[in-house]
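S.K.: My questions will all concern the structure given below.
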Amino acid sequence: MDPIVIFGLIEKGLTLLPTLVSAGIDITHRVNQLITLSKGGVDGTLDDAAIAKIRADFDADLAEFNSDLPD
Amino acid sequence: MKRLALVLVVAVGLGGCAQLQAVTQGISLVTKTVTNPVTKEEEAKIELAMDTALQLLLTYRRACIAGNADVNCKANIRMLQPYTRAAVPLLRQLRSFVDNNDQINASVVYNQLTSLYVNLKTAAQSVGINVGA
Chain A
442 MDPIVIFGLI
452 EKGLTLLPTL
462 VSAGIDITHR
472 VNQLITLSKG
482 GVDGTLDDAA
492 IAKIRADFDA
502 DLAEFNSDLP
512 D
Chain B
122 MKRLALVLVV
132 AVGLGGCAQL
142 QAVTQGISLV
152 TKTVTNPVTK
162 EEEAKIELAM
172 DTALQLLLTY
182 RRACIAGNAD
192 VNCKANIRML
202 QPYTRAAVPL
212 LRQLRSFVDN
222 NDQINASVVY
232 NQLTSLYVNL
242 KTAAQSVGIN
252 VGA
């Protein structure tokens, strides 16, 4: 993957982090995912397990947001 | 409690703007074609960007359920859910196509996700949530 694209991703992620902190969101996991994705993309070590973890996390978060709200 | 609600409203209003704008830009900057394929890394990047944007909406939802968000929060969330629900089958298709290196269909679904997020942004604005120009 193009390193420029990776650096752009890091920049976007870092820009968003203060907003997440302001909303009281624990960013540790998010930062670790950004590091994994950026490092793995640059040095070619991004494995299927890392991608599967990103997919699983997104699935879980989408499922929570998409569930019906209580009345 | 009021301070938390205010922070969340501001975060969704301003942060959501930046986040969804970033997501939209991240997706729409490059229209995918067969000669510009969707790699696994790019797919992971899109999913992580979308999930990061979703964190604010999730926080808004949790605050809404706890009674700490604005009075219109349930209606706002229900207005946005059709778009986030529509993303689920598209993501499944995208993952399958990328895993099988079916670049023709991967490009089609990738571009459908782009349209979905543009529509989500428009819908959010229509209920008063500023998610960017």
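Going down the list, the protein sequences come from chains A and B. Using this note's numbering, read the first sequence as starting at 442 and increasing by one per residue. Using this note's numbering, read the second sequence as starting at 122 and increasing by one per residue. Each residue gets a CB set at the ideal place from its N, CA and C atoms; glycine is no exception.
(1) Let me know the secondary structure DSSP gives B:L179 once reduced to three states.
(2) Tell me, please, whether the CB atom of A:A476 is closer than 9 Å to any CB atom in chain B?
(3) Is the beta carbon of A:T469 less than 9 Å from the beta carbon of A:A491?
(4) Would the beta-carbon of B:E168 fall within 9 Å of that of A:I495?
(5) Pull out every residue of the segment 482-495 of chain A whose Cβ sits closer than 7 Å to any Cβ of chain B, in chain order.
(6) Between B:C194 and the ligand GTP, is the CB less than 8 Å from at least one heavy atom?
(7) Hey, B:L215 and B:Y231: beta-carbon distance below 9 Å or not?
(8) Tell me where the alpha helix (DSSP H) around B:L212 begins and ends.
(9) Check whether the segment 178-195 of chain B touches the segment 211-228 of chain B, taking contact to mean three or more Cβ pairs, one atom from each stretch, closer than 8 Å.
(10) Roughly how many angstroms lie between the CA atoms of A:N507 and B:Q233, to the nearest whole one?
(11) Please report the distance separating the alpha-carbon of B:M200 from that of A:S479.
(12) Under 8 Å between beta-carbons, which chain B residues line up against A:G507? List them in chain order, please.
(13) Cβ of B:T173 less than 9 Å from any chain A Cβ?
M.R.: According to the structure data:
(1) helix
(2) Residue identity check: residue 476 of chain A is Ile in the sequence provided, not Ala. Not an interface residue.
(3) no
(4) yes
(5) G482, L487, I492 and I495
(6) By its list of ligands, the structure shown contains no ligand whatsoever, and the ligand GTP lies outside what it can speak to.
(7) yes
(8) C194 to D220
(9) no
(10) 19 Å
(11) 34 Å
(12) Checking the sequence shown, residue 507 of chain A turns out to be Asn, not Gly. Those within 8 Å of A:N507 in chain B are Q202, T205, R206 and V209.
(13) yes
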